[in-house]
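K.L.:
My structure is below; once you've seen it, I'll send some questions.
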Amino acid sequence: MKNSVLKKYTHGLILLTGLIFIIAFSGCSDDKKPKEDVKPAASVAPAQPASTASTAQFDHAHGSEVTDMEKHKFEHDFAAQCVAREMKNSTNQEEDSKRISKSCECIATYIMKDLTAQEAEKFIKEHEHPQSLTIKFEAAAYECLQEKTQPAGPKLFGKPTDNNV
61 MKNSVLKKYT HGLILLTGLI FIIAFSGCSD DKKPKEDVKP AASVAPAQPA
111 STASTAQFDH AHGSEVTDME KHKFEHDFAA QCVAREMKNS TNQEEDSKRI
161 SKSCECIATY IMKDLTAQEA EKFIKEHEHP QSLTIKFEAA AYECLQEKTQ
211 PAGPKLFGKP TDNNV
């Protein structure tokens, strides 16, 4: 009886080992094509004419950075606009003003860290909200407004301990 059980597990072990080797080797294969000989640049024809390549438009700016003054102005304008929008719907403006201003400042600071020149220009000068700014707003609101629970302290014998001692 022991011999038949041992044979059963041996065949399963061999199949499992083979399957692991197959998966490991197929996952490690290199899909890159072998490099061909490098040709001199003079013999390679450009893919596009020079006139169309220099006028190509991109959806994001390369090299144009947002200055600190623009970021600062964006942060204040965005936070003020956010507070005004949220206070419109508030029923208790005295209590809500501190909470809302803190949340809006957090959101504005979060967006400001990853602000592009194009987004800053559209918001500050053209008073528009591009789609990328809306997406960043939603991500910032998630980060700033989520309830952050404090980790519970250790309990000894069912009673919480004082961490200040």
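In this text, residue positions in the sequence shown follow this note's numbering: the first is 61, and each later residue adds one. Glycine included, C-beta positions come from ideal geometry on N, C-alpha and C.
Which residue from F197, A140 and T151 puts its Cα closest to that of P173?
P.N.:
Here residue 173 refers to the residue found at position 113 of the sequence shown. Note that residue 173 is Lys in the sequence shown, not Pro. Comparing Cα positions, the closest option is F197.
K.L.:
Who are the Cβ neighbours of F138 in its own chain at under 6 Å, not counting the five residues just before and after it?
P.N.:
As a working mapping, residue 138 is identified with position 78 in the sequence shown. Correct list, in chain order: A168.
K.L.:
Could you spell out where the alpha helix (DSSP H) holding Q178 opens and where it closes?
P.N.:
By 1-based counting over the sequence shown, the position of residue 178 is 118. Per DSSP, Q178 belongs to the alpha helix (DSSP H) from A177 to I184.
K.L.:
One question on the structure: do S150 and L205 come within less than 8 Å of each other, judged by their Cβ atoms?
P.N.:
Along the sequence shown, read from residue 1 onward, the residue named residue 150 stands at position 90. Along the sequence shown, read from residue 1 onward, the residue named residue 205 stands at position 145. Cβ distance not < 8 Å, so S150 and L205 don't count as in contact.
K.L.:
According to the neighbour-count rule (16 or more other Cβ atoms, all chains shown, within 10 Å of its Cβ), is I134 buried or exposed?
P.N.:
The sequence position of residue 134 within the sequence shown is 74, counting from 1. Going by the sequence as given, residue 134 is Phe instead of Ile. So F134 ends up on the buried side.
K.L.:
Reducing DSSP to helix, strand and coil, say where K148 ends up.
P.N.:
Sequence index remark: in the sequence shown, residue 148 carries index 88 (1-based). Three-state DSSP puts K148 in a helix.
K.L.:
Taking the alpha helix (DSSP H) that Q153 falls in, what are its first and last residues?
P.N.:
Reading the sequence shown from its first residue, position 93 is the one you call residue 153. First-last of the alpha helix (DSSP H) with Q153: Q153 to M172.
K.L.:
Take the Cβ of I160 as the centre, count every other Cβ of all protein chains shown within 10 Å, and call the residue buried at 16 or more, exposed below.
P.N.:
In the sequence shown, counting from the first residue as 1, residue 160 sits at position 100. Per the 10 Å Cβ criterion, buried.
K.L.:
Over what stretch of residues does the alpha helix (DSSP H) that includes T127 continue unbroken?
P.N.:
Locating residue 127 in the sequence shown gives position 67, where the first residue counts as 1. Careful: T127 lies outside any alpha helix (DSSP H) and carries neither H nor E.
K.L.:
Ordered along the chain, which non-local residues of its own chain (more than five positions away) have a Cβ less than 8 Å from that of V143?
P.N.:
Walking along the sequence shown from the start, residue 143 turns up at place 83. Taken in chain order, the residues that qualify are S157, I160, S161 and C164.
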